[in-house]
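Engineer:
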Amino acid sequence: MLTSSGEIVFELYTPYAPITVNNFLRYVADGAYRNTLFSRVDRDFVIQGGGYTSGMVPVVPTYAPIVSESNNGLANLPGTLAMARRSDPNSATNQFFINVRDNPSLDYLAGVRSGYTVFGRVISGMSTVQAINAVPTYYYSDVDIRPQQEVLIYWVQRLK
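Those letters in the sequence shown? Residues 1 to 160, per the numbering used here, in order.
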């Protein structure tokens, strides 16, 4: 992934989240993340991207929502890649986030919370993640914290 703040390389966890990894790679193959934004920067929590282009124009998902795989045993630890979703656990489409810290409140806990599916981790570029995490932000709403200046995702490509 090349961003306006630098490069980030992920390792994807196909054995733990095959549906989620396949979904993400379909969007990558389609070029769906080209010129999108890290639209949410919740400092020292998560940075979220893939759902908007410049000017906060929504990207319409091209595939149906996927079934949650959040009960895969993986935790939302610093540097992990996870799928964003709405309140329905089976509503993830194209938006993803990178955990900036340990976020146990986002983990699956049987009978308590649905959690968010972790499907990869940053293997190179945590300095880029930290740079994005440190950009000046503003509150658009109680839960929507946006960068003051757009943080672009120029492209995402699959490495073999």
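Using N, Cα and C, we set each Cβ at its ideal position, and we do this for glycine too.
1. Would you mind reading off the limits of the alpha helix (DSSP H) that contains Ser124?
2. For Met126, is the beta carbon positioned less than 7 Å from some heavy atom of the ligand GDP?
3. Does the beta-carbon of Arg113 have 16 or more other beta-carbons within 10 angstroms, so that it is buried, or is it exposed?
4. Measure the C-alpha to C-alpha separation of Pro147 and Asn99 and round it to an integer number of angstroms.
5. Assuming Gln149 contacts Val135 (C-beta within less than 8 Å), just tell me the rounded distance between them.
6. With DSSP collapsed to three states, give me the class of Gly26.
7. I'd like to confirm the pairing. Which residues does DSSP put opposite Met1 in its beta bridges?
8. Is Val143 helix, strand or coil when you go by DSSP?
9. Ala64: buried (16+ other C-beta within 10 angstroms of its C-beta) or exposed?
10. Looking only at its chain, what residues have a beta carbon closer than 8 Å to the beta carbon of Arg43, apart from the 5 residues adjacent to it on each side?
11. Beta strand (DSSP E) containing Leu159: first to last residue?
12. Would you call the CB atoms of Pro89 and Ser70 closer than 8 Å?
Structural biologist: The relevant details are as follows:
1. Unbroken run through Ser124 is the beta strand (DSSP E), 118-124; no alpha helix (DSSP H).
2. Inclusion of the ligand GDP in the displayed structure is not the case, the ligand content being empty and no account of it being possible.
3. By the neighbour-count definition (other C-beta atoms within 10 Å, threshold 16), Arg113 is an exposed residue.
4. Cα-Cα distance, rounded: 16 Å.
5. Contact flag correct, Cβ pair sits at about 7 Å.
6. The sequence given here has Arg at residue 26, not Gly. Here Arg26 sits in helix by DSSP.
7. None; Met1 has no bridge partner.
8. Under the three-state reduction of DSSP output, Val143 falls in the coil class, being neither helix nor strand.
9. When all chains shown are included, Ala64 counts as exposed.
10. Counting only Cβ-Cβ distances below 8 Å, and skipping sequence neighbours, we find Val100, Asn133, Ala134, Thr137, Ile145.
11. Premise fails: Leu159 is in no beta strand (DSSP E) and is neither H nor E.
12. With contacts defined by Cβ atoms closer than 8 Å, Pro89 and Ser70 form a contacting pair.
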